Amino acid sequence: MNTVPKNRIRTINGLPAATTGDFVLYWMIANRRSKFNFSLQRAAEYARQFRKPLLILEALRCDYRWNCDRIHWFVTQGMRDNQAEFAQQSVHYYPYLEPELGAGKGLLAALAQHACVVVSDDFPCFFLPNMTDAAARQIPVTFELVDSNGLYPMRHTDRIFKRAYDFRRHLQKHLRPFLQEQPLENPLSDLQPQVIEIPESISQRWPATDLESLIAQGPQCLGRLPINHEVAVSNLLPGGRSAALQRLNQFVNERLAIYGTERNHPDVHATSGLSAYLHFGHISAHEIFLQATACEAWSIDQIADKANGSSSGWWGTSETLESFLDQLITWRELGHNMCALTDNYDRYESLPDWSRHTLQKHASDRREYIYTLEEFEESQTHDRLWNAAQNQLRHEGIIHNYLRMLWGKKILHWTESPQIALEYLIELNNKYALDGRNPNSYSGIFWCLGRYDRPWGPERKIFGKVRYMTSESTVRKLRVRSYIEQYSDSISTNQNDCGDGDQNH
137 MNTVPKNRIR TINGLPAATT GDFVLYWMIA NRRSKFNFSL QRAAEYARQF
187 RKPLLILEAL RCDYRWNCDR IHWFVTQGMR DNQAEFAQQS VHYYPYLEPE
237 LGAGKGLLAA LAQHACVVVS DDFPCFFLPN MTDAAARQIP VTFELVDSNG
287 LYPMRHTDRI FKRAYDFRRH LQKHLRPFLQ EQPLENPLSD LQPQVIEIPE
337 SISQRWPATD LESLIAQGPQ CLGRLPINHE VAVSNLLPGG RSAALQRLNQ
387 FVNERLAIYG TERNHPDVHA TSGLSAYLHF GHISAHEIFL QATACEAWSI
437 DQIADKANGS SSGWWGTSET LESFLDQLIT WRELGHNMCA LTDNYDRYES
487 LPDWSRHTLQ KHASDRREYI YTLEEFEESQ THDRLWNAAQ NQLRHEGIIH
537 NYLRMLWGKK ILHWTESPQI ALEYLIELNN KYALDGRNPN SYSGIFWCLG
587 RYDRPWGPER KIFGKVRYMT SESTVRKLRV RSYIEQYSDS ISTNQNDCGD
637 GDQNH
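Mind the numbering: the sequence shown is residues 137 to 641 in our numbering, read in order.
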């Protein structure tokens with residue numbers, strides 16, 4: 137039986153296990169899946185070691201920032217899938233949706249009083265690190281956090297990488313052994329069935345949610361919860377592992393072959409569409425990696441010996457697969473590196489010195505267009521392409537990958553200062569994007585202001601030496617006509633086709 141690598145495990149309270157406890161408790165907060173999950177695998181190891189049953193608590197609170205129907209329904213659909221999966225295993229699954237603010241307070245601590253150990257997920261972003269730190273003060277037994285975020289253990293290095301090239305070169309030197317440390321597909325396969333008696337004082341105060349009944353009611357059942365009901369459920373992206381696997385299969389069978397050449401074209405559906413499922417842990421990066429590389433019967437022996445930091449040639453695969461792996465591993469895990477090792481990843485001060493200097497130099501430059509947050513939110517700019525991207529974000533919870541970069545650059549272009557631009561970027565992305573509030577999305581937001589990039593010339597008004605993008609050049613380079621037509625609802629009649637409206641080009 138494979139064991140979870142030690143470099144993925146953090147004990148954060150320093151307390152011993154209680155071998156006389158009634159069960160092992162896995163508090164599922166980020167890796168919300170039953171397969172390819174190092175956290176679940178670690179909890180199962182303890183269950184075997186102590187010969188105790190395994191209890192899985194998956195809860196959803198109401199008071200997180202940017203709470204809304206869209207996020208709540210996506211997570212609830214995932215809980216429904218987990219309940220079905222765990223019903224086939226020798227574990228006890230405890231789903232809990234907080235019915236009102238503060239109703240769930242004390243549930244984890246109450247269960248921990250009866251646990252041998254508590255295992256949870258090591259996720260480096262949003263409110264989860266603060267939440268697990270607070271929980272550590274209430275848990276009277278060993279409390280471990282397990283990293284099941286990516287292929288490279290995010291705390292294996294203490295170096296913060298400032299460029300994708302440097303991180304890629306580091307991975308090319310150090311990733312190879314970790315490719316052979318895969319999580320088990322089914323970490324629960326040989327657990328013995330055991331009965332768990334949850335004390336009535338717990339089960340009556342915090343009754344498990346009837347997910348089947350809840351899902352049958354549809355999203356309108358969320359109306360009684362104290363969350364934001366203005367951000368509607370995305371009909372395009374259902375949540376849960378079943379939907380994630382369906383999207384993965386579609387990608388590797390129909391889109392991967394054209395990913396390398398077509399992924400930047402909004403009119404061509406060549407991207408994976410997996411980022412929201414990765415964010416909520418409904419699917420594992422390891423699983424995606426295994427299925428994608430299986431398409432070419434890839435083996436680890438094909439990896440090049442030389443680590444030169446190049447985005448092509450190292451994996452020894454086709455160019456299109458190599459470009460996908462660079463996104464899945466290099467760019468995605470670069471964000472985890474930043475969030476895991478810094479506390480200010482979401483603050484303006486975390487930008488590179490050169491970008492803050494050049495943006496400050498041009499902070500007083502005249503802006504021909506300045507929009508309020510509300511105008512951005514409602515797609516009320518002069519630029520048809522930008523508005524289309526914002527409409528997609530507002531209605532579906534996603535933006536096409538390439539257009540998300542343009543979307544962010546133009547917010548910088550059309551606000552009073554780079555600090556306000558960053559505030560708007562974080563608010564709009566995290567409020568509407570299903571893959572927001574994630575290390576990778578913060579990478580994208582801050583890239584628009586210079587993170588992970590280099591100075592570019594010529595120096596321009598407003599942007600200075602920060603990389604510049606325009607809607608006109610995007611339309612010239614990419615196929616966007618159908619995209620603009622599809623997402624042109626709620627666009628005012630006085631808008632230009634794709635004009636940036638900047639006389640300072």
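We treat Cβ as the ideally placed atom computed from N, Cα and C, and that holds for glycine. Given the structure is predicted, the values throughout are model-derived calculations rather than measurements.
For residue i, the three-state DSSP class (helix, strand or coil)
| i | result |
| --- | --- |
| T147 | strand |
| I620 | helix |
| S325 | coil |
| C252 | strand |
| E280 | strand |
| I556 | helix |
| P591 | coil |
| F262 | coil |
| D269 | helix |
| V140 | coil |
| V611 | helix |
| F416 | coil |
| R187 | coil |
| Y519 | Reading the sequence as shown, one finds Asp at residue 519 and not Tyr. Correct three-state label for D519: strand. |
| R128 | Outside the shown range of the chain, which is 137 to 641, sits residue 128, and nothing can be said about it. |
| H493 | helix |
| R299 | strand |
| N565 | helix |
| I394 | helix |
| N480 | coil |
| S170 | coil |
| T508 | coil |
| C431 | coil |
| Y538 | helix |
| C584 | coil |
Nearest-angstrom Cβ-Cβ length linking residue i and residue j, presumed shorter than 8 Å
| i | j | result |
| --- | --- | --- |
| Q225 | L324 | 4 Å |
| L564 | F512 | 6 Å |
| N400 | L614 | 6 Å |
| G375 | W209 | 7 Å |
| I275 | A246 | Actually they do not touch by this definition, with Cβ atoms about 11 Å apart. |
| Y604 | N527 | 24 Å between Cβ atoms; not a contact. |
Pick from the options that is closest to residue i, judged by C-alpha positions
| i | options | result |
| --- | --- | --- |
| I332 | S515, L548, G150, V160 | V160 |
| L470 | L307, T345, R360 | L307 |
| E221 | N322, P189, T293 | N322 |
| L151 | L247, Q622, A272 | A272 |
| L347 | Q213, E398, R360 | Q213 |
| A344 | P141, Y301, Y232, E504 | Y232 |
| P335 | G157, T508, P594, S408 | G157 |
| S420 | K497, E532, G286, L373 | G286 |
| H697 | Y568, R187, D489 | Because the chain is modelled from 137 through 641, residue 697 falls outside the range shown and cannot be assessed. |
| S435 | Q316, P329, S411, V404 | Q316 |
Between the CA atoms of residue j and residue i - distance to the nearest angstrom
| i | j | result |
| --- | --- | --- |
| S618 | A430 | 33 Å |
| D326 | L350 | 31 Å |
| A428 | Q340 | 46 Å |
| H415 | H310 | 25 Å |
| S500 | S491 | 15 Å |
| P319 | N574 | 22 Å |
| L243 | G354 | 26 Å |
| D269 | S609 | 47 Å |
| W550 | H518 | 11 Å |
| N167 | C204 | 20 Å |
| Y395 | T456 | 6 Å |
| G417 | M215 | 11 Å |
| Q177 | V140 | 7 Å |
| P578 | G600 | Looking at the sequence shown, residue 578 is not Pro but Tyr. Spanning the two alpha carbons is a distance of roughly 22 Å. |
| E552 | I620 | 27 Å |
| G544 | P260 | 23 Å |
| I148 | Y481 | 22 Å |
| R587 | V369 | 32 Å |
| T478 | L392 | 34 Å |
| N173 | C252 | 20 Å |
| G449 | Y230 | 46 Å |
| D257 | M164 | 7 Å |
| V602 | E485 | 16 Å |
| T293 | I506 | 42 Å |
| E458 | S446 | 11 Å |
Bridge partners - residue i, DSSP secondary structure assignment
| i | result |
| --- | --- |
| C204 | N364 |
| L233 | L196 |
| R596 | G600 |
| Y162 | I192, V255 |
| H228 | L191 |
Residue i: CB within 7 Å of a non-hydrogen atom of the ligand FMN
| i | result |
| --- | --- |
| P488 | Absence of the ligand FMN is noted for the structure shown, with no ligands found whatsoever. |
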